[in-house]
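Q: Pasting in a structure now, in structure tokens, and then I'll have a few things to ask.
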Amino acid sequence: MPAICSLIAGPGAIGALACAQAQLYGPVWAYAHRPKLSLATECRRTPTSVPLLWQPLSAAEDTVELIWICCKAYQAQATAEVLLNRYPNAVAILLHNGMGPQQQLAKQFPGRLIWGTTTCGALKLDPYTFQQTGYGTSHLGLPPSSSARSPAAAMLARLATWHGPLNPMVTEHIEALLWQKLLINAVLNPITAAHQIRNGQLLEPAFAAEIDGLCGEIGQLMQHLKLPAIANPHQLIQKVATLTAENRSSMAEDVRTGRPTEIDYITGFLLHQAQGFGLATPFLAKWHKQIAQAGKS
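Counting in my numbering, the sequence shown runs from 23 upward without gaps.
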């Protein structure tokens, strides 16, 4: 199988895992999507440590075939637009949180998008070292409008043979998995961010009513969108909170450090969709307002 030349935008936690994954199958470059970008040089994985083999930016970058969008949701669309226009023969994998850029980019660049979601995770130990903390699965699939003969479909067939840190798996149900991840993020992230708690603390009885309210509103929206229902969403939240009990959500860290959050691409996206159907969403509105205000303070 020929090597695949990859370019990674967003070399943070997931970007470091993407580098460790992609370098097994070809050279990897990093795209500086923000100023003063530092590159991690090591990804620790039980029981080994993997050096991250970033290639120096050069004319060879013109051979890029696969673009990994691992940056924050509010940077994803603009970054993907720049890179897909710069490399007209490349396909992009969207691995960011939230929703919105996926649909817009699929319209702008038909046949060149792979949608993805991952349950893998990593923790930054220092500016140059990440530790893989989540050994899950990275589901990859085509947007509903994509053709089976598109460049993205051809790339997806090549990725189906990959093994490694991200544990990639091709699925025909990527949209349903993205909505499941969106529900998890819409419940877990704002509550943990507002209260500055670890994920496991979401299991406390005091949060049960908020979880039920959010799950109910998202479930109603999914019904109007004719999407498959998520079975036992409250239990799903509890399972994720249990499995990641000692972790702090990315939104909790963003609020703590005063960085911008992805709230507009999580609850903001859901609110916009719900407004189109005239649905009442007091729980989503409450948490969107609370985190949006926290980001301005």
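Quick reminder that beta carbons are idealized off the backbone N, C-alpha and C, glycines included. Everything numeric in this text was worked out from a predicted model, so none of it was measured.
Mapping DSSP to helix, strand and coil, what is F291?
A: For this step, residue 291 is matched to residue 269 along the sequence shown. Reduced to three states, the DSSP call for F291 is helix.
Q: Measuring CB to CB, does T140 end up less than 8 Å from A31?
A: The count along the sequence shown starts at 1 and reaches residue 140 at position 118. The count along the sequence shown starts at 1 and reaches residue 31 at position 9. Result no, Cβ atoms of T140 and A31 do not sit closer than 8 Å.
Q: At which residues does the alpha helix (DSSP H) containing R56 begin and terminate?
A: Looking up residue 56 in the sequence shown gives position 34. First-last for R56: undefined, no H or E at that position.
Q: Can you tell me whether A296 is buried or exposed, with buried defined as 16 or more other CB within 10 angstroms of its CB?
A: Looking up residue 296 in the sequence shown gives position 274. Its Cβ being crowded by 16 or more others within 10 Å, A296 is buried.
Q: What does a CB cutoff of less than 8 Å around R180 pick up in its chain, not counting 5 residues either side in sequence?
A: Counting from one through the sequence shown, the residue named residue 180 turns up at place 158. The residues are M23 and I26.
Q: List the endpoints of the continuous alpha helix (DSSP H) containing W201.
A: Taking the first residue of the sequence shown as 1, we reach residue 201 at position 179. It spans I196 to H217 - the alpha helix (DSSP H) in which W201 sits, taken as one unbroken run.
Q: How long is the line joining the alpha carbons of L164 and A231, rounded to whole angstroms?
A: Translated into positions along the sequence shown, residue 164 becomes position 142. Translated into positions along the sequence shown, residue 231 becomes position 209. Cα-Cα distance, rounded: 36 Å.
Q: Given a threshold of 16 other Cβ atoms within 10 Å of its Cβ, counted over all protein chains shown, does G158 qualify as buried or as exposed?
A: Counting from 1 along the sequence shown, the entry for residue 158 is found at position 136. By the neighbour-count rule (16 or more Cβ atoms within 10 Å), G158 is not buried but exposed.
Q: Determine the contact status of L116 and Q124, defining contact as a CB-CB distance below 8 Å.
A: Residue mapping note: residue 116 aligns to position 94 of the sequence shown, counting from 1. Residue mapping note: residue 124 aligns to position 102 of the sequence shown, counting from 1. In this structure, Q124 lies closer than 8 Å to L116 by Cβ.
Q: Here's a check: name, in chain order, each residue in its chain whose Cβ is nearer than 6 Å to the Cβ of Q306, leaving out the five neighbours to either side.
A: In the sequence shown, counting from the first residue as 1, residue 306 sits at position 284. Reading off the sequence shown, one finds Leu at residue 306, where the question assumed Gln. Correct list, in chain order: E239, T289, L292 and L293.
Q: Could you check how far apart the C-beta atoms of N189 and S160 are, in whole angstroms? I think they sit under 8 Å.
A: Translated into the one-based positions of the sequence shown, residue 189 becomes position 167. Translated into the one-based positions of the sequence shown, residue 160 becomes position 138. Rounded, the Cβ-Cβ distance is 6 Å, consistent with contact.
Q: Using 8 Å as the threshold, is the C-beta distance between I252 and V209 below it?
A: The count along the sequence shown starts at 1 and reaches residue 252 at position 230. The count along the sequence shown starts at 1 and reaches residue 209 at position 187. No. Outside cutoff.
Q: Helix or strand or just coil, what does DSSP make of E64?
A: The residue labelled residue 64 in the question sits at position 42 within the sequence shown. Strand at E64.
Q: Strictly by DSSP, which residues pair up with L145?
A: Here residue 145 corresponds to residue number 123 of the sequence shown, with the count starting at 1. Q153, per the DSSP bridge assignment.
Q: Please classify G37: is it buried, with 16 or more other beta-carbons within 10 angstroms of its beta-carbon, or exposed?
A: As a first step, residue 37 is located in the sequence shown; it is residue number 15 there, counting from the start. The residue in question, G37, is buried, as its Cβ has 16 or more Cβ neighbours within 10 Å.
Q: Among F299, T266, Q202 and G138, which has the Cα closest to the Cα of H246?
A: Taking the first residue of the sequence shown as position 1, residue 246 is located at position 224. Selected option, being the one with the closest Cα: F299.
Q: Suppose the cutoff is 6 Å on Cβ atoms and the five residues either side in sequence are ignored; what does the same chain contact list for T193 look like?
A: As a working mapping, residue 193 is identified with position 171 in the sequence shown. Closer than 6 Å at Cβ, skipping near neighbours: H161 and G163.
Q: Over the uninterrupted alpha helix (DSSP H) stretch that includes A98, give me the two end residues.
A: Residue 98 sits at position 76 when you count from the first residue of the sequence shown. First-last of the alpha helix (DSSP H) with A98: A95 to R108.
Q: Could you check if D84 is buried or exposed, using at least 16 other CB atoms within 10 Å of its CB as the buried criterion?
A: Taking the first residue of the sequence shown as 1, we reach residue 84 at position 62. Its Cβ having fewer than 16 others within 10 Å, D84 is exposed.
Q: So, is K129 buried or exposed, given that buried needs 16 or more other C-beta atoms within 10 angstroms?
A: Translated into positions along the sequence shown, residue 129 becomes position 107. Classification for K129: exposed.
Q: With DSSP as the reference, label L74 as helix, strand or coil.
A: Start at 1 with the first residue of the sequence shown, and residue 74 comes out as number 52. Reduced to three states, the DSSP call for L74 is coil.
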